[in-house]
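Taking it in order: structure first as structure tokens, then the write-up.
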Amino acid sequence: DVKVTQSSRYLVKRTGEKVFLECVQDMDHENMFWYRQDPGLGLRLIYFSYDVKMKEKGDIPEGYSVSREKKERFSLILESASTNQTSMYLCASKTPGQGGYGYTFGSGTRLTVV
Amino acid sequence: GENVEQHPSTLSVQEGDSAVIKCTYSDSASNYFPWYKQELGKRPQLIIDIRSNVGEKKDQRIAVTLNKTAKHFSLHITETQPEDSAVYFCAATFILTGGGNKLTFGTGTQLKVEL
């Protein structure tokens, strides 16, 4: 089974801090994604990456950046955390087979910005 | 633009009844439609998916139907059980100009199966 591991389950950070959320997958997948999940809004795509050093903006990239220095690791960076970035953050990796469209999600990081 | 609408936002059924969740999508080029189940405090898990060359797919008590002309697809759960209680998300692929694709998700349906 593909494993997508997010380094922290819960994080509490202060407004203005620089925050790093880490995601690691163990199946050599090219494609990785960061979503945030908020009640009533579903999952919204922040950034994604097709391969090492590559990144693409999703639907809500403002206030975020990403880093993909190694194939297995995709980091989400909050440059200056704000309270409206309090949310559940989900990383996903694209699974192979049948066109390779299915995603596998990590367990999520619940970030609270105070 | 890219959009997936999902209804209803909440659904309460009696154990043993059927549940239906409906989604519509905006991009006629979408060709893959997965459904995810998220139990409380857990990650979303893929439960069933359908491709655009198929109109219906079934896996035990769950089935998905797709109407490409109308751009809508539905999840059907029969003989619901308490363990079906969860949030369900539909999604559709959107084709990017660079040739890749991404998933856009609906806003979710909270299904509650009551005893």
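Sequence order for the protein chains is P and H. Per the numbering used here, the very first residue in the first sequence carries number 1; after that it's consecutive. Per the numbering used here, the very first residue in the second sequence carries number 115; after that it's consecutive. Where a beta carbon is used, it is the ideal one built from N, C-alpha and C, also for glycine.
Environment of residue i [buried if 16+ CB atoms lie within 10 Å]
i: Thr15 of chain P; result: exposed
i: Met32 of chain P; result: buried
i: Gly222 of chain H; result: buried
i: Leu154 of chain H; result: exposed
i: Val12 of chain P; result: exposed
i: Gln152 of chain H; result: buried
Cα-Cα separation, residue i to residue j
i: Gly63 of chain P; j: Glu30 of chain P; result: 24 angstroms
i: Ser65 of chain P; j: Leu180 of chain H; result: 36 angstroms
i: Leu43 of chain P; j: Met27 of chain P; result: 23 angstroms
i: Lys156 of chain H; j: Ser107 of chain P; result: 6 angstroms
i: Thr218 of chain H; j: Leu210 of chain H; result: 12 angstroms
i: Tyr50 of chain P; j: Asp131 of chain H; result: 42 angstroms
i: Glu56 of chain P; j: Ile46 of chain P; result: 9 angstroms
i: Val134 of chain H; j: Glu17 of chain P; result: 44 angstroms
i: Gln120 of chain H; j: Leu160 of chain H; result: 17 angstroms
i: Ser7 of chain P; j: Glu22 of chain P; result: 6 angstroms
i: Ala200 of chain H; j: Lys226 of chain H; result: 7 angstroms
i: Gln174 of chain H; j: Glu79 of chain P; result: 46 angstroms
DSSP three-state assignment for residue i, whether helix, strand or coil
i: Asn215 of chain H; result: strand
i: Leu181 of chain H; result: One detail in the question is off: residue 181 of chain H reads as Asn in this sequence, not Leu. Residue state, collapsed to three classes: strand.
i: Asp38 of chain P; result: strand
i: Thr5 of chain P; result: strand
i: Asp59 of chain P; result: coil
i: Glu17 of chain P; result: coil
i: Asp163 of chain H; result: strand
Pick from the options that is closest to residue i, judged by C-alpha positions
i: Ile60 of chain P; options: P:Lys70, P:Leu41 and P:Glu69; result: P:Leu41
i: Asn117 of chain H; options: H:Thr207, H:Leu225 and H:Gln224; result: H:Thr207
i: Ala143 of chain H; options: H:Ile191, H:Val178, H:Asn167 and H:Thr221; result: H:Asn167
i: Val114 of chain P; options: P:Phe105, P:Ser93, P:Thr86 and P:Tyr103; result: P:Thr86
i: Gly220 of chain H; options: P:Arg36, P:Tyr10, P:Val24 and P:Phe48; result: P:Arg36
i: Ile164 of chain H; options: H:Thr124, H:Pro148 and H:Gln152; result: H:Pro148
i: Lys70 of chain P; options: P:Val24, P:Phe20 and P:Val19; result: P:Val24
i: Pro39 of chain P; options: H:Gln224, H:Glu228 and H:Ala184; result: H:Gln224
i: Ile77 of chain P; options: P:Tyr103, P:Leu111 and P:Gly102; result: P:Leu111
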